[in-house]
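Protein chains in written order, with the numbering used here: chain A, 1 to 141; chain B, 142 to 282; chain C, 283 to 423.
We put the CB at the ideal spot given by N, CA and C, even for glycine.
Bear in mind that the values here come from a model prediction, so they are computed numbers and not experimental data.
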Amino acid sequence: MLEELAINSKIIMGNMEYGSDLLLELNNICQTKEIFAGKIEGIGAVKCATIGFYDQEKKEYIWNKIHRPMEVLSLKGNISIKDNKPFVHAHIVLGDHNSQVYGGHLGEDTQVFAFEYIIVPLQGDAFVRGFDKKTGLFLWK
Amino acid sequence: MLEELAINSKIIMGNMEYGSDLLLELNNICQTKEIFAGKIEGIGAVKCATIGFYDQEKKEYIWNKIHRPMEVLSLKGNISIKDNKPFVHAHIVLGDHNSQVYGGHLGEDTQVFAFEYIIVPLQGDAFVRGFDKKTGLFLWK
Amino acid sequence: MLEELAINSKIIMGNMEYGSDLLLELNNICQTKEIFAGKIEGIGAVKCATIGFYDQEKKEYIWNKIHRPMEVLSLKGNISIKDNKPFVHAHIVLGDHNSQVYGGHLGEDTQVFAFEYIIVPLQGDAFVRGFDKKTGLFLWK
Chain A
1 MLEELAINSK IIMGNMEYGS DLLLELNNIC QTKEIFAGKI EGIGAVKCAT IGFYDQEKKE
61 YIWNKIHRPM EVLSLKGNIS IKDNKPFVHA HIVLGDHNSQ VYGGHLGEDT QVFAFEYIIV
121 PLQGDAFVRG FDKKTGLFLW K
Chain B
142 MLEELAINSK IIMGNMEYGS DLLLELNNIC QTKEIFAGKI EGIGAVKCAT IGFYDQEKKE
202 YIWNKIHRPM EVLSLKGNIS IKDNKPFVHA HIVLGDHNSQ VYGGHLGEDT QVFAFEYIIV
262 PLQGDAFVRG FDKKTGLFLW K
Chain C
283 MLEELAINSK IIMGNMEYGS DLLLELNNIC QTKEIFAGKI EGIGAVKCAT IGFYDQEKKE
343 YIWNKIHRPM EVLSLKGNIS IKDNKPFVHA HIVLGDHNSQ VYGGHLGEDT QVFAFEYIIV
403 PLQGDAFVRG FDKKTGLFLW K
């Protein structure tokens, strides 16, 4: 499934406040700015992180909690609609003091040390997430 | 070498069918949509992956096959022309159940569990890949 | 802090010369092209790399030097103004022959083997970096 959308003239660039919950704040920005389709990217650093791996057989997320500071080497996400609201789906790549790398599906309770993001809103029929039986995920319908 | 291109008003956003070959399907979309220049990004999950590392001395790819499910933490690629057709060059970052991370040059036989992508087509003189003696790679001429 | 910028009609796509210093050359392109706001992305390979981790307690960077060839799985960066000049802040994810992954804040003396980048310039009031006491970093004011 694929859709053609138009690029919006407005791009949002910003840095997040120290101590913010990274995922909640990205959702908050999209809801406040009424962005129903688009992409999100960013780099920065976090004080701790919660990252998930989807067990494709059991059809459930396994969550890992990292209790130490990490660089955010890549945050990559998209914006679509779930429960009639803008919904951010993002994956994150983190690096430690030894340049070792960890990553997964971004979960709540990932605390920002510093984070610089760029959101590209898209115009057109935004995707809506609905339950997909085959994968057990909420995918674009 | 550097070129100025224009952003296309149309952005393509989509999710890939379960079981697709990730690289072949990205090439397929670009060929079907006649996208000769642009960038590709995505996140998702795969059932297995084939990733390459280019040996800069021997000038050949070493391929590693990962035979287990992984999250796609980042797919980042570009579109140019090779053999008169749209050609996708992409690198991928993958994460497992322990949040351990693997990655390389995306090869064929990387099977999609779920994958959400955004393609930004660019307008202008698209780059054409040709053999580069120094590196042994097909680079933009 | 957040700002709305407009997308520029011109996107810059290019490949970097063999042996370039990746960070210096990205800064050089932005300074030559007078790009004061925007984002940078790329994939490729390097002959060696210098990557940093910011120690959030000591408020100083720890630098790791990787003395062997690596694939660039993801370079993600932004452009803003520091000392009245365009300034690139970028994070990099690297992969080796075993598909093991390393990464951090991109430093100087990261030598290009081949590198393909896309720069999206943005128009509007560009962010200016200034010292932030809480983090010890130069953040957008």
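Residue i, buried or exposed, once every other Cβ within 10 Å from all chains shown has been counted against 16
| i | result |
| --- | --- |
| K358 of chain C | buried |
| H105 of chain A | buried |
| H67 of chain A | exposed |
| N239 of chain B | exposed |
| K180 of chain B | buried |
| T32 of chain A | exposed |
| N84 of chain A | exposed |
| L305 of chain C | buried |
| E34 of chain A | exposed |
| E307 of chain B | Outside the modelled stretch of chain B, which goes from 142 to 282, sits residue 307 of chain B, for which no answer is possible. |
Closer than 9 Å at the beta carbon, the chain A residues around residue i
| i | result |
| --- | --- |
| P210 of chain B | F53, Y54, D55, Q56, E57 |
| F409 of chain C | M13, G14, N15, E116 |
| K188 of chain B | Q56 |
Chain C contact residues for residue i, given Cβ-Cβ distances below 9 Å
| i | result |
| --- | --- |
| G271 of chain B | Simply none; closest approach about 12 Å. |
| L263 of chain B | I293, M295, I400 |
Reduced DSSP secondary structure (H/G/I, E/B, other) of residue i
| i | result |
| --- | --- |
| N360 of chain C | strand |
| T314 of chain C | helix |
| E390 of chain C | coil |
| L137 of chain A | coil |
| E299 of chain C | coil |
| N64 of chain A | strand |
| L307 of chain C | The amino acid at residue 307 of chain C is misidentified as Leu; the sequence shows Glu. Helix at E307 of chain C. |
| F337 of chain C | The residue asked about is misnamed: residue 337 of chain C is Asp in this sequence, not Phe. Three-state DSSP puts D337 of chain C in a strand. |
| F127 of chain A | coil |
| P86 of chain A | strand |
| A37 of chain A | coil |
| H97 of chain A | coil |
| P210 of chain B | coil |
Contact set between residue i and chain B, taken where Cβ atoms lie within less than 7 Å
| i | result |
| --- | --- |
| A396 of chain C | T276, L278, L280 |
| I400 of chain C | K180, N219 |
| L22 of chain A | Correct list: empty, because the minimum Cβ distance to chain B is about 15 Å. |
Chain B residues whose Cβ lies nearer than 9 Å to that of residue i
| i | result |
| --- | --- |
| I325 of chain C | K217, G218, N219, H230, A231, H232, H246 |
Assumed close pair residue i, residue j - CB separation to whole angstroms, cut-off 8 Å
| i | j | result |
| --- | --- | --- |
| F420 of chain C | K364 of chain C | 6 Å |
| V269 of chain C | P351 of chain C | Lying before the first or after the last residue shown, residue 269 of chain C is absent from chain C, which here runs from 283 to 423. |
| G385 of chain C | V375 of chain C | 4 Å |
| G42 of chain A | Y117 of chain A | 4 Å |
| C312 of chain C | I344 of chain C | Between I344 of chain C and C312 of chain C the Cβ distance is about 26 Å, and since that is not below 8 Å, they are no contact. |
| V120 of chain A | G44 of chain A | The pair is not a contact, with the Cβ atoms about 18 Å apart (cut-off 8 Å). |
| E307 of chain C | F194 of chain B | Not confirmed; about 23 Å, so no contact. |
| N15 of chain A | F115 of chain A | 6 Å |
| N417 of chain C | A331 of chain C | Checking the sequence, you will find Thr at residue 417 of chain C rather than Asn. So it is not a contact: roughly 24 Å between Cβ atoms. |
| H232 of chain B | S356 of chain C | 7 Å |
Within chain B, partners of residue i - CB distance below 8 Å
| i | result |
| --- | --- |
| I62 of chain A | H238 |
Proximal residues of chain A, C-beta to C-beta of residue i below 7 Å
| i | result |
| --- | --- |
| V383 of chain C | V101 |
Closer than 8 Å at the beta carbon, the chain D residues around residue i
| i | result |
| --- | --- |
| L214 of chain B | This model lacks chain D altogether; the protein chains it does include are A, B and C. |
Residue i CB to nearest heavy atom of the ligand PLP below 6 Å
| i | result |
| --- | --- |
| A331 of chain C | Among the components of this structure there are no ligands whatsoever, and the ligand PLP is therefore not found. |
Original post:
Does the stretch 261-268 of chain B come close enough to the stretch 194-202 of chain B that 3 or more CB-CB pairs lie under 8 Å?
Top reply: The stretch 194-202 of chain B vs the stretch 261-268 of chain B: no contact.
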